[in-house]
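In terms of full-length UniProt numbering, the sequence shown opens at residue 1 and continues consecutively. Input: a single structure, listed below in structure tokens.
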Amino acid sequence: MTAPLTPPPPPHEPSPHGAWPPAPGGDAGVAAAPHDAGHGQDGPGMKTELREAAVITVLVAVAGVLLGLLWVWLAPRVPLVGDVVDGNWVVYLKDTEGEQAVGVEGTFTLLALACGAVSALAVFAWRRRGGVPLVVALALGGLLGSLLAWRLGIWLGPSQDVLAQAEAAGKGVTFSAPLKLSAKGTLLAWPLAALLVHLGLTALFGPRDPEVYGPHGPAGYGRQGPPYAKPYEGPSA
């Protein structure tokens, strides 16, 4: 009879080199997720992220000029008519049942949603890693862009002085009402659309963090148990 085999090391004791070696038939490791070119696994650093966030905020906000121009061009006109009553000019809607006023806000909302989706796509294509500063910059830039587009549309659109327009047009002559947004919540369409689209793109196509556990347990474990483990065969005859 021979003595039993030397018992294996404890199953949870690492190798002298500080890591679990791969077991036969097990996984050799999990590949690291891809990262943005030029940056390491931990990202570009907080200073770089803040600098990039400031650039994104400015660029997205400046894009509000395009939204304002499109709003002035595509928004329907609300027809007004002026009349003289007791020597004073009175302005009223030509079509009291018209939906042009709703169309003005609806046009702004649809254009803002489109701008939010495009800005989120552009930012994600430029920096896939994402990060809190980038997301905050995207939302803040969208809000500033909406405010800029709103004020620019009012400035470039029909005059705010409707009485002066009525006098210039003449009695009973139709002229356009100034652009306005009655529901100020419309200004949030751009930042909300940008956040939702960016979140979806990051969830679907963003880089993944390295996995700590493989399909058969902790890294280094395979289907045949912990490393160096050998089944006890019993005493030989």
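Quick reminder that beta carbons are idealized off the backbone N, C-alpha and C, glycines included. Just so it is clear, the structure is predicted and the values come from calculations on it, not from any experiment.
The closest CA to that of Ile154, considering only Arg77, Leu110, Phe124, Ile56, is found on Arg77. At a cut-off of 4 residues, the continuous stretches assigned as alpha helix (DSSP H) that sit fully inside the region 48-118 are 64-74. DSSP places Ser146 within a helical segment (H, G or I) once states are collapsed to three. As the crow flies, the alpha-carbon of Lys180 is around 8 Å from that of Glu105. Using a C-beta cut-off of 8 Å, the region 169-184 makes contact with the region 140-160, since at least three inter-stretch Cβ pairs fall below that distance. Close CB contacts of Gln165 within its chain, under the 6 Å cut and outside five residues either way in sequence, are with Ser159, Phe175 (chain order). If you look at Thr202, you'll find it in the alpha helix (DSSP H) that goes 189-205. The Cβ atoms of Ala61 and Leu148 sit closer than 9 Å to each other. In the DSSP assignment, Leu163 falls within the unbroken alpha helix (DSSP H) covering 162-169.
Its Cα nearest to that of Trp89, the residue Ala168 stands out among Pro133, Ala168, Ala203. For the 9 Å CB-CB criterion, Ala189 and Leu113 form a contact. When the Cα atoms are used, Val136 and Trp150 turn out to be separated by approximately 21 Å. The residue among Gly87, Trp126, Gly82 with its C-alpha nearest the C-alpha of Gly170 is Gly82. The beta carbon of Leu59 lies closer than 8 Å to those of Gly141 in the same chain, with the five residues before and after it left out. Contact between Leu121 and Val65 does not hold, since the beta-carbon distance rounds to 19 Å and is not under 8 Å. A check of alpha carbon separations from Leu192 across Asp86, Val118, Leu163 identifies Val118 as the nearest.
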